[in-house]
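Read in order, the letters of the sequence shown are residues 2 to 201 in this note's numbering. Every residue gets a Cβ at the ideal spot worked out from N, C-alpha and C, and that includes glycine.
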Amino acid sequence: MMARDLQRMERSHTRAMLTVARDLKGAWRSEIVEGGLGNRVGNSVRSESYPKGDNSLNAAAMVWTRAPEIVAAHDQGTTIRSSSGVWLAIPLEAAGSGRFGRRMTPLDFERRTGQRLRFVYRQNRRSALLVLDDARLTKRGQARRKGGRRRKDGVLTGAQTVPVFLLVPQVKLRKRTDLIPTAEAVTDRIPGLLANWLEG
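Following this line, the structure appears as structure tokens:
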């Protein structure tokens, strides 16, 4: 009878940890997506339970994210500054996207297009621009060089100067999620889950 009861207790602990890990992972994913960070960041939340494939009174579970910097920044409302201490480059729509959908950087843009960006200081504003001269916008709104037509006299018509990056000293991210209270609400259910499994 003692051995049977021990097995029931081990199963109850293990199932409770599995349930908590599953529910917390789902809750965090939903909160991240609803906060506007997208499915990709939401799906970065993972869970694991221990021991694997066995029941134990020492059963435990862990829930984490593979994008901790992004999630923490939006959970805390972090201020982001340039690593060089000068300007933080924010890509505009004209910059397009980098490889594998990553955020474009000025260096990436210049390497991809083979064109140099020009720095434009904006007086009386705490920001600047990186622009592409003699450019046109594609149907997707991305900047490309040689936007106009050159007349016989050599004058380029129809081209424009397109802002590609906004430069700012820092950016204050607004708080989009509140993950700690969500985790506490889920883990507070552990005693009730243990009791339910034992009674079952």
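**Asked** Is there a Cβ from chain B that is less than 8 Å from the Cβ of Arg30?
**Response** The chain inventory of the structure shown lacks chain B, comprising one protein chain alone.
**Request:** Go to Asp24, then tell me how far its alpha helix (DSSP H) extends in each direction, as first and last residue.
**Result:** 3–33
**Residues bridged to Ile91 (per DSSP)** = The partner list for Ile91 (beta bridge, DSSP) reads Leu167.
**Asked** From Arg175 to Ala4, what does the alpha carbon distance come to, in whole angstroms?
**Response** 54 Å
**Prompt:** Residue range of the alpha helix (DSSP H) that Ala74 falls in?
**Reply:** 69–77
**Item:** Where Arg112 falls: helix, strand or coil (DSSP)
**Value:** helix
**Prompt:** Does the distance from the CB of Gln142 to the CB of Ala95 come in under 8 Å?
**Reply:** According to the sequence provided, residue 142 is Gly. The question's Gln does not apply to it. Yes, these two residues count as a Cβ contact at 8 Å.
**Message:** Taking 8 Å as the threshold (C-beta atoms), are Arg119 and Asp134 in contact?
**Reply:** yes
**Asked** Within this structure, are the beta carbons of Ser128 and Leu93 separated by less than 8 Å?
**Response** no
**Cβ neighbours of Arg177 in the same chain (closer than 7 Å, five flanking residues each side left out)** = Gly36, Gly37, Leu38, His75
**Request:** With DSSP collapsed to three states, give me the class of Ala61.
**Result:** strand
**Request:** List the residues that DSSP assigns as beta-bridge partners of Lys176.
**Result:** The partner list for Lys176 (beta bridge, DSSP) is empty, contrary to what the question assumes.
**Request:** Go ahead and label Gly115 buried or exposed: buried means 16 or more other beta carbons lie within 10 angstroms of its beta carbon, across all protein chains shown.
**Result:** exposed
**Message:** Within the continuous beta strand (DSSP E) that includes Arg82, where are the two ends?
**Reply:** Bounds of the beta strand (DSSP E) holding Arg82 are 80–82.
**Request:** Spatial neighbours of Leu138 within its chain, please: CB distance less than 7 Å, with the 5 preceding and 5 following residues excluded, ordered by chain position.
**Result:** Ala95, Ala144, Val163
**Asked** Per DSSP, what kind of secondary structure is Leu195 in: helix, strand or coil?
**Response** If DSSP states are grouped into helix, strand and coil, Leu195 belongs with the helices.
**Item:** Touching by the beta-carbon criterion (3+ pairs, under 8 Å), the segment 51–66 and the segment 12–29
**Value:** yes
**Asked** Which residues mark the beginning and the end of the alpha helix (DSSP H) in which Arg137 is found?
**Response** Here Arg137 belongs to no alpha helix (DSSP H); instead the beta strand (DSSP E) covers 129–138.
**Asked** Looking only at its own chain, which residues have a Cβ that is under 8 Å from the Cβ of Lys26, when we skip the five neighbours before and after it?
**Response** Here the set comprises Val46, Arg47, Ser48, Val64.
**Among Asp189, Met105, Gln161, the one whose alpha carbon lies nearest that of Ala136** = Gln161
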